[in-house]
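Asks: The sequence shown maps to residues 415 to 492 in the numbering used here.
From the three backbone atoms N, C-alpha and C, an ideal C-beta is built for every residue, glycine too.
Everything numeric in this text was worked out from a predicted model, so none of it was measured.
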Amino acid sequence: MLRGLERDRSLISVWETAGAGPARRCYQLTAKGRDDLRSCITRLAHLDQVIRACLQRSADAFAGSRGQHHDPYAASRR
415 MLRGLERDRS
425 LISVWETAGA
435 GPARRCYQLT
445 AKGRDDLRSC
455 ITRLAHLDQV
465 IRACLQRSAD
475 AFAGSRGQHH
485 DPYAASRR
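1. Is DSSP giving S472 helix, strand or coil here?
2. What beta strand (DSSP E) runs, 3 residues minimum, are completely inside the segment 416 to 445?
3. By how many angstroms is the C-alpha of S479 removed from the C-alpha of L461?
4. Beta-carbon within less than 8 Å of R438's beta-carbon, same chain only, minus the 5 sequence neighbours each way: which residues are those?
5. Please work out which residues of its chain come closer than 7 Å, Cβ to Cβ, to Q442, disregarding the five sequence neighbours upstream and downstream, and give them in chain order.
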């Protein structure tokens, strides 16, 4: 996966040789990688809103059929 992001120019890598032990490859985001990450975060935030709305509608429909309101996120806010 990291190599694919590097081929896509979203990451760059360098070999770190400082310190004890074998050399290791370290990765850093490029400007394109930061833009891609921002875009991904925006899409995920939108998807989160859609999922929450669907869950709330489902919970409301289920609770409505039982004559009560249910908050599916109440337990996570305690």
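Replies: Looking at the coordinates:
1. Looking at S472 - three-state DSSP - the assignment turns out to be helix.
2. Segments of the beta strand (DSSP E) lying fully in the segment 416 to 445: 425 to 430 and 438 to 443.
3. Between the C-alpha atoms of L461 and S479 there is a straight-line separation of about 27 Å.
4. Once the five neighbours on either side are set aside, the close Cβ partners of R438 are W429 and E430.
5. Cβ contact annotation for Q442 (same chain, cutoff 7 Å, sequence separation greater than five): L425 and I426, in chain order.
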